[in-house]
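Down below is the structure, laid out as structure tokens.
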Ligand SMILES: [Zn+2]
Ligand SMILES: [Zn+2]
């Protein structure tokens, strides 16, 4: 084994700096010196759900960029010094229909998660990117295209691809009318990507206060979800509504603004939802969801972002301030993603 340093959970809101073990490199592994790791809503959930007494150690972090420091003998796509990015999946079965279709995120035997997952070869629990080094199978590392800022690119690997896949799968392009509900980590990237794809893009927010931000991100308009007159006037308008609201909420007002044969894609809240069938029937509307991304679309998304100058709006903090970042994220006090700088772990 090799050792590195990272931030391990000691409670729902506390982490301590500690030594971690990483596996010795397998033939198809890379060692990555992590430079930047984004802080995702899933990290909050993982910390909340983690039980110190019975669960394996928890080191969160699943959207990071860094530099290759070592390669296994079978690795051909990367060399030492390459900039790479890693998201929330680090392995999959490779043979099921989903893997064959390039949708490793939907692997029938469940993809191996970057942290809290079970390694497919040695059964160990994976430890995440809030650390200085990660050892990853080469297939699940992505070259970071030139021109992407490594700190601002880190959130593309979870938040970015989570909104990219549905935008692409739902055929968003020039002429599409897209609405993005919720302007946080996912939402702000959805706006930038939808605009770059050529869609007329509207932010739906509970407050007009975000109007300036929405327009600065490239949105064409902001719709106030508390203004029933505005919402009624926008009935049957959007081909795609990307719903990134992270708390449970009534879907009916959002379905109302979906155009005929359009889709409400639920990305932020993944718990049970209640839907009136009539809200789908009137206008033949569809409700869908998505999350994470396959290898093909992750690579495609990174190139699209590099070509279009898209990255997350980030607030970079030294990794020692991880608890502050998590606490502020819990209170939605970030525009729009925290990224931890891991250089203080040396
Ligand atoms: Zn995430
Ligand atoms: Zn599979």
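Numbering (full-length UniProt numbering), first residue to last: 1 to 346.
Note that beta-carbon positions come from the ideal geometry of N, C-alpha and C, so glycine has one too.
Under the rule that 16 or more other beta-carbon atoms within 10 Å means buried, what is residue 123, buried or exposed? With fewer than 16 Cβ atoms within 10 Å of its Cβ, residue 123 is classed as exposed.
Determine the DSSP secondary structure at residue 301, reduced to helix, strand or coil. If DSSP states are grouped into helix, strand and coil, residue 301 belongs with the helices.
Cβ-heavy atom distance between residue 332 and ligand 1 below 7 angstroms? Residue 332 Cβ: outside cutoff for every heavy atom of ligand 1.
Taking just the CA atoms, how far does residue 57 sit from residue 68? Approximately 25 angstroms, taken between the alpha carbons.
Neighbour-count burial assignment, residue 197, 16 or more Cβ in a 10 Å radius: It counts as buried.
Are the CB atoms of residue 30 and residue 138 within a distance shorter than 8 angstroms? Contact flag set, yes.
Please identify the residue among 48, 63 and 12 whose C-alpha is closest to the C-alpha of residue 153. Cα-wise, what sits closest to residue 153 is 63.
Limits of the beta strand (DSSP E) - the one that residue 165 falls within: It is not in any beta strand (DSSP E) - residue 165 instead sits in the alpha helix (DSSP H) that spans 159-169.
Would residue 310 and residue 192 be called neighbours here (beta carbons separated by less than 8 angstroms)? Closer than 8 angstroms, so yes.
Using a Cβ distance threshold of 8 angstroms, determine whether the segment 86-95 contacts the segment 71-78, with at least three qualifying pairs required. As far as the Cβ criterion goes, the segment 86-95 does not touch the segment 71-78, which means the pair count is below three.
Under 5 angstroms from any heavy atom of ligand 2, by CB: list those residues in chain order, please. Ordered along the chain, residues surrounding ligand 2 are 92, 93, 96, 99 and 107 [Cβ under 5 angstroms from any heavy atom].
Any chance the segment 175-187 sits against the segment 331-340, with 3 or more Cβ pairs inside 8 angstroms? Contact holds: three or more Cβ-Cβ distances are below 8 angstroms.
Do residue 282 and residue 265 count as a contact pair if the criterion is CB distance below 8 angstroms? Taking 8 angstroms as the Cβ cut-off, residue 265 and residue 282 do not qualify as a contacting pair.
Does the beta carbon of residue 40 fall short of 7 angstroms from some heavy atom of ligand 1? True, at least one ligand heavy atom lies under 7 angstroms from that Cβ.
Is any heavy atom of ligand 1 found at a distance shorter than 7 angstroms from the C-beta of residue 62? Residue 62 Cβ: within cutoff of ligand 1.
Thinking just about the alpha-carbon of each residue, which of 155, 172 and 78 is nearest to the one in residue 262? Measuring from the Cα of residue 262, the nearest candidate turns out to be 172.
Could you check which residue in 244, 225 and 243 has the C-alpha nearest to that of residue 349? Because residue 349 is not part of the residues shown, which for the chain are 1 to 346, the question remains open.
Measuring only the C-alpha atoms, how far is residue 104 from residue 97? Rounded to the nearest angstrom, the two C-alpha atoms are 9 angstroms apart.
Which residues mark the beginning and the end of the alpha helix (DSSP H) in which residue 99 is found? In the DSSP assignment, residue 99 falls within the unbroken alpha helix (DSSP H) covering 97-100.
Pick out whichever of 298, 25, 271 and 21 has its Cα sitting closest to the Cα of residue 164. The shortest C-alpha separation from residue 164 is found at 298.
Would you kindly check if the distance between the Cβ of residue 187 and the Cβ of residue 358 is under 8 angstroms? Absent from the structure is residue 358, since the part of the chain shown begins at 1 and ends at 346.
So which of 254, 252 and 34 has the shortest CA-CA distance to residue 132? Cα-wise, what sits closest to residue 132 is 34.
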